[in-house]
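Going by the numbering used here, the sequence shown runs without a break in its numbering and finishes at 504.
Ideal placement from N, C-alpha and C gives every residue a C-beta, glycine not left out.
Note that the structure is a prediction, hence the values are computed from the model and not measured.
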Amino acid sequence: MIFIRSLMAFHSSTPWIVHHIPASVAHICNRLFHAGSMLTIMSDKSFLKRWFSSFTEPPLDEETEIYQEIRMLLNEPRNGNYLLKNSDIRSVESLCQLTHHHNGFLREKAVMALSLKGDIAALRELLICANDWVKPIHRLATQEVMALMTAENAPAFIAHLAQVRQLLTCRRYNHAPLVELISHFLASQAHIADLRQALYSPDRELRHAVLHTLIEQEQLHDEAALAFVLDTGDTYLRGIAVTYWLARAPKLSESLMTRLLRDPWPRIRRDTLFYLDEHGQALPETLHRELLLDKNSLIRQRARRMLSETVDATAFWRDVITSPACSITQRRSALYGLKEARDPALHSLALWGYSQPENGIRQAALHILLTLEGEEAKPRILAALADPCLSFAMAAMKSLAHHPLSFSRSELEALLTHTPSEKHTLLYWRLVHQINKWDWLIVLLRHFPFLSPSQQAEELASWKGKYNQAGINPTSGQQEILTCLLAQAPEIRRSLQHYLV
Numbered sequence: 004m005i006f007i008r009s010l011m012a013f014h015s016s017t018p019w020i021v022h023h024i025p026a027s028v029a030h031i032c033n034r035l036f037h038a039g040s041m042l043t044i045m046s047d048k049s050f051l052k053r054w055f056s057s058f059t060e061p062p063l064d065e066e067t068e069i070y071q072e073i074r075m076l077l078n079e080p081r082n083g084n085y086l087l088k089n090s091d092i093r094s095v096e097s098l099c100q101l102t103h104h105h106n107g108f109l110r111e112k113a114v115m116a117l118s119l120k121g122d123i124a125a126l127r128e129l130l131i132c133a134n135d136w137v138k139p140i141h142r143l144a145t146q147e148v149m150a151l152m153t154a155e156n157a158p159a160f161i162a163h164l165a166q167v168r169q170l171l172t173c174r175r176y177n178h179a180p181l182v183e184l185i186s187h188f189l190a191s192q193a194h195i196a197d198l199r200q201a202l203y204s205p206d207r208e209l210r211h212a213v214l215h216t217l218i219e220q221e222q223l224h225d226e227a228a229l230a231f232v233l234d235t236g237d238t239y240l241r242g243i244a245v246t247y248w249l250a251r252a253p254k255l256s257e258s259l260m261t262r263l264l265r266d267p268w269p270r271i272r273r274d275t276l277f278y279l280d281e282h283g284q285a286l287p288e289t290l291h292r293e294l295l296l297d298k299n300s301l302i303r304q305r306a307r308r309m310l311s312e313t314v315d316a317t318a319f320w321r322d323v324i325t326s327p328a329c330s331i332t333q334r335r336s337a338l339y340g341l342k343e344a345r346d347p348a349l350h351s352l353a354l355w356g357y358s359q360p361e362n363g364i365r366q367a368a369l370h371i372l373l374t375l376e377g378e379e380a381k382p383r384i385l386a387a388l389a390d391p392c393l394s395f396a397m398a399a400m401k402s403l404a405h406h407p408l409s410f411s412r413s414e415l416e417a418l419l420t421h422t423p424s425e426k427h428t429l430l431y432w433r434l435v436h437q438i439n440k441w442d443w444l445i446v447l448l449r450h451f452p453f454l455s456p457s458q459q460a461e462e463l464a465s466w467k468g469k470y471n472q473a474g475i476n477p478t479s480g481q482q483e484i485l486t487c488l489l490a491q492a493p494e495i496r497r498s499l500q501h502y503l504v
């Protein structure tokens with residue numbers, strides 16, 4: 004006891020002693036000088052044995068010392084059985100696992116051991132530890148990540164580029180210098196080809212990280228580099244690259260202009276066309292027809308305005324509509340173009356299109372007629388809803404979403420009675436849900452036997468769910484019909500008794 008007290012007094016007067024004793028003793032000293040009970044320490048014979056034997060042990064090399072400290076920490080009950088039984092703590096897999104331990108001392112020792120190994124397989128865990136709240140771990144991990152930036156490790160850094168850039172979203176430390184260093188390393192002449200090739204990776208996050216790195220490192224400096232991005236199937240990548248290019252390019256070459264105006268994504272075609280209009284660049288003559296017949300309305304309108312001095316767009320569209328040599332898509336676009344231009348002959352052309360056998364032209368004509376005629380187009384809409392072609396009936400429903408019409412109970416009952424198919428019936432019930440709730444209930448009761456059990460339950464639940472959306476009472480005529488129908492369906496009457504008081 005006297006020896007221990009003397010040693011504690013010596014330690015308090017000379018704190019530098021911890022720097023001159025073996026590292027294997029440091030953990031024991033920590034227990035000795037910071038323990039809550041000296042009697043507990045004195046009763047621990049294994050502890051005293053380790054204490055006195057530590058002064059007679061030969062000095063260990065740094066790596067062995069670290070592994071010994073890891074074993075000692077893992078043996079403590081508070082640290083739990085974190086590793087699998089019989090696992091080798093010297094393996095990279097075990098050390099990577101320990102970097103996620105709740106004990107900061109263990110995480111620090113694991114990072115130290117990984118730094119001595121210099122294995123690129125630990126890059127993912129090192130990037131995570133670079134944002135560790137324990138500052139020594141953060142510094143060690145950051146230093147090791149920088150030490151791993153060698154030519155042979157470049158593919159691994161490219162594969163983890165999304166995780167590298169994710170550090171920019173972490174606010175615990177300023178990771179911008181580290182991310183910039185890695186980005187500059189990967190964008191160097193030796194690795195730029197591999198970095199660009201990652202744009203074709205199946206990993207979406209990696210593709211996006213690569214593109215942002217190329218932009219930040221100013222590697223989209225010529226049309227060849229932009230073409231490399233445009234060849235990818237990722238519309239997001241193409242859109243970001245084109246937006247960046249249009250913001251810095253003073254003028255587009257005709258080849259690049261043609262390629263961008265023919266891109267499958269409407270946003271790229273639209274942005275390119277707007278850029279050309281704002282910068283006063285003329286459109287290639289070979290693209291006049293394509294732009295005026297584009298499926299996007301904004302592109303058609305802008306092209307018509309840009310070509311107003313050289314091309315009569317309305318006359319061109321009239322010729323296309325009636326030309327059998329043009330495709331249905333082109334004739335639809337021409338019909339919509341005349342609608343946007345408010346052509347006086349639009350109504351007659353829409354009536355002509357509605358009488359055509361091609362379904363696509365009929366759909367466009369129906370939408371235009373509903374816009375022009377309003378309530379007067381109701382007979383055509385009802386006929387379209389009853390059309391045996393389901394796609395045409397669905398087109399009529401979509402048109403009603405933009406230009407709603409009100410239907411009576413008798414009109415909807417006629418549709419349900421003569422429905423061409425079960426899928427048509429589902430469309431009609433969507434319209435039934437929009438009428439007066441008592442008319443809805445009348446239609447439901449009349450057609451209840453024709454519904455499947457699941458549809459019956461679904462329709463009843465839907466009516467009950469929307470009951471309180473309107474506080475109107477049934478008219479005398481509705482009340483009379485409901486009384487008669489409910490008398491024939493006692494089960495439904497019991498189900499709805501709380502709603503019919």
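Can you list, in chain order, the residues of its chain whose CB lies under 7 Å from that of residue i, leaving out five sequence neighbours each side?
i	result
Thr486	none
Asp274	Val245, Thr246, Leu249
Gly242	Trp268, Arg270, Ile271
Ser300	Tyr339, Glu343
Ala367	Arg335, Leu338, Tyr339, Gly356
Glu128	Cys99, Thr102
Pro139	Glu111
Ordered along the chain, which non-local residues of its own chain (more than five positions away) have a Cβ less than 6 Å from that of residue i?
i	result
Glu462	Leu447
Asp442	Arg412
Lys48	Note that Lys48 scores 48 on pLDDT, short of 50, meaning its location in the model is unreliable; the coordinates nonetheless yield the value given after this. The answer is none, since no qualifying residue turns up.
Ile69	Lys112, Met115, Ala116
Pro477	Trp441
Leu393	Lys426
Report back the beta-carbon spacing between residue i and residue j to the nearest angstrom; my notes put them in contact at under 8 Å.
i	j	result
Lys254	Gln222	The pair is not a contact, with the Cβ atoms about 21 Å apart (cut-off 8 Å).
Val167	Leu130	6 Å
Leu198	Ile161	6 Å
Ala124	Leu181	With a Cβ gap of about 20 Å, Ala124 and Leu181 do not count as contacting.
Arg303	Glu343	7 Å
Arg365	Phe395	6 Å
Relative to the alpha-carbon of residue i, which residue among the options has its alpha-carbon at the smallest distance?
i	options	result
Cys173	Tyr431, Val232, Asp135	Asp135
Arg251	Arg272, Arg265, Ile218	Ile218
Gln491	Pro477, Ser457, Ile475, His450	His450
Leu276	Leu286, Lys342, Glu111	Leu286
Ala230	Arg292, Leu259, Trp268	Leu259
Ala150	Leu171, Ile140, Lys138, Leu126	Leu126
Glu506	Asp297, Val314, Ser457, Arg433	Outside the shown range of the chain (4 to 504) lies residue 506, about which nothing can therefore be said.
His427	Leu385, Ile364, Ile495	Leu385
Leu202	Ala165, Trp355, Asp280, Cys99	Ala165
Glu361	Ala154, Glu65, Gln333	Gln333
Glu155	Gly480, Phe188, Phe108, Leu240	Phe188
Gln500	Lys467, Arg262, Gly474, Glu483	Lys467
Asp64	Gln359, Ala116, Arg81, Asn106	Ala116
Gln192	Gln220, Arg93, Leu341, Asp322	Gln220
Tyr278	Leu263, Gly480, His178	Leu263
Ala506	His211, Arg210, Ala196, Ala306	What the structure shows of the chain is the stretch from 4 to 504, and residue 506 is not part of that stretch, so it cannot be assessed.
Tyr431	Met397, His406, Ala460, Pro452	Met397
Ser358	Pro407, His215, Ser256, Thr325	Thr325
Gly363	Ile331, Glu379, Pro382	Ile331
Pro205	Gly236, Arg142, Leu354	Gly236
Ser498	Gln459, Gly107, Leu373	Gln459
Which residues bound the alpha helix (DSSP H) around residue i?
i	result
Leu164	164-169
Asn82	No alpha helix (DSSP H) contains Asn82, which DSSP labels as neither H nor E.
Val528	One cannot answer for residue 528 here, as it falls past the ends of the chain, which runs 4 to 504.
His405	393-405
Gln100	95-101
Asn362	362-376
Glu219	207-219
Ser457	456-468
Ser186	179-189
Gly283	Per DSSP, Gly283 belongs to no alpha helix (DSSP H) and is neither H nor E.
Pro347	Here Pro347 belongs to no alpha helix (DSSP H), and DSSP marks it neither H nor E.
Ser311	Counting along the chain, Ser311 falls outside any alpha helix (DSSP H), and DSSP gives it neither H nor E.
Cys487	479-490
Tyr431	425-435
Apart from the five residues just before and just after residue i, which ones in its own chain have a Cβ nearer than 8 Å to its Cβ?
i	result
Lys469	His436, Lys440
Thr2	Residue 2 cannot be examined here, being either before or after the span of the chain that is shown, 4 to 504.
Leu488	Ile445, Leu448, Arg449
Pro321	The residue asked about is misnamed: residue 321 is Arg in this sequence, not Pro. Around Arg321: Ala337, Leu341, Asp346, Ala348, Leu352.
Met152	Phe160, Leu184, Ile185, Phe188
Arg433	Met400
Leu171	His178, Ala179, Val182
Ser46	Only weak support is given to the placement of Ser46: the predicted model assigns it a pLDDT of 46, under 50, and the value that follows is read from those uncertain coordinates. Excluding sequence neighbours, Ser46 sits near nothing in its chain.
With a threshold of 9 Å between beta carbons, is residue i in contact with chain D?
i	result
Glu343	Going by chain labels, chain D is absent from the structure shown, which holds only one protein chain.
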